[in-house]
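In this note's numbering, the protein residues as written are 1 to 179. The beta-carbon is built from N, C-alpha and C at its ideal position, and this holds for glycine as well. I have placed the structure first, in the form of structure tokens, so that the comments after it can refer back to it.
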Amino acid sequence: MPIGIDESLPFHPIRIAVLTISDTRDETTDKSGPLLCDRVTQAGHTLAARAIVMDEVTAIRAQVQAWIDDPEIEVILTTGGTGFAPRDVTPEAIKPLLRREMDGFSVVFHQASFGTVGVGTLQSRAFAGQAGDSFIFCLPGSSGACRDAWDLVLKTELDSRNRPCSLAGMLPRLMEAGH
1 MPIGIDESLP
11 FHPIRIAVLT
21 ISDTRDETTD
31 KSGPLLCDRV
41 TQAGHTLAAR
51 AIVMDEVTAI
61 RAQVQAWIDD
71 PEIEVILTTG
81 GTGFAPRDVT
91 PEAIKPLLRR
101 EMDGFSVVFH
111 QASFGTVGVG
121 TLQSRAFAGQ
131 AGDSFIFCLP
141 GSSGACRDAW
151 DLVLKTELDS
161 RNRPCSLAGM
171 LPRLMEAGH
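Written out as structure tokens, the structure reads:
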């Protein structure tokens, strides 16, 4: 079976929300959130929601939980709060919401990131998992890390035409439609 995008198959857009987590960024200074939003729409997916919250467990958890509860949102991308600074609390905020962790995402992300930043990738606690029917990918706050995560991992994995399989095929809406 071939590996990669099978252009003969139909593309099914996914409804994706993007959350920037930062104490210092706002809509005028955030670079990573807009980069992810642009990548999402350029790939043909639907940008279902966009927000910025402070590096606070309750604020992060409340926004992510609201999106998990929204049947119109299938994938959540977060950027920021995955490092080792005292205020980096994204894993602590989101991991309790997960019913399953996606260990392989961290491995593949770090492999991709190693190619661009070397061992600096060790400074990230990027992770992913499933909460309810939503998949959540928590990325570092740098635009370079978000670019690596989307271009080298997520763009392909979220494409319904990816073979031998894609995460898109695990979304209830597409499973029910037989994709």
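Proximal residues to residue i (C-beta, below 7 Å), its chain only, five neighbours per side dropped
i           : result
residue 35  : 143, 146, 147
residue 6   : 161, 163
residue 174 : 12, 160, 168
Buried or exposed by the 16-neighbour rule on C-beta atoms within 10 Å, applied to residue i
i           : result
residue 84  : exposed
residue 44  : exposed
residue 180 : A question about residue 180 goes unanswered here, because the residues of the chain that appear run from 1 up to 179.
residue 33  : buried
residue 3   : exposed
Distance CB(residue i)-CB(residue j) smaller than 8 Å
i           : j           : result
residue 23  : residue 54  : yes
residue 135 : residue 40  : no
residue 73  : residue 131 : no
residue 79  : residue 141 : yes
residue 152 : residue 158 : no
residue 64  : residue 98  : no
Sequence-distant residues of the same chain with beta carbon closer than 6 Å to residue i, five excluded per side
i           : result
residue 46  : 13, 15
residue 93  : 57, 60, 61
residue 110 : 121
Residues of its chain near residue i, where Cβ-Cβ distance is below 8 Å and the 5 sequence neighbours each way are ignored
i          : result
residue 95 : 101, 127, 129
residue 26 : 52
residue 37 : 18, 47, 50
residue 69 : 132
Inter-residue CB distance, residue i and residue j (contact presumed, cutoff 8 Å)
i           : j           : result
residue 21  : residue 118 : Not quite, the Cβ-Cβ distance comes to about 25 Å (not below 8 Å), so this is no contact.
residue 137 : residue 154 : 6 Å
residue 19  : residue 161 : Actually they do not touch by this definition, with Cβ atoms about 27 Å apart.
residue 77  : residue 139 : 7 Å
Contact between the region 78–89 and the region 107–114 (3+ Cβ pairs under 8 Å): For the pair of segments examined, the region 78–89 was found not to touch the region 107–114: the number of CB pairs separated by less than 8 Å stays below three.
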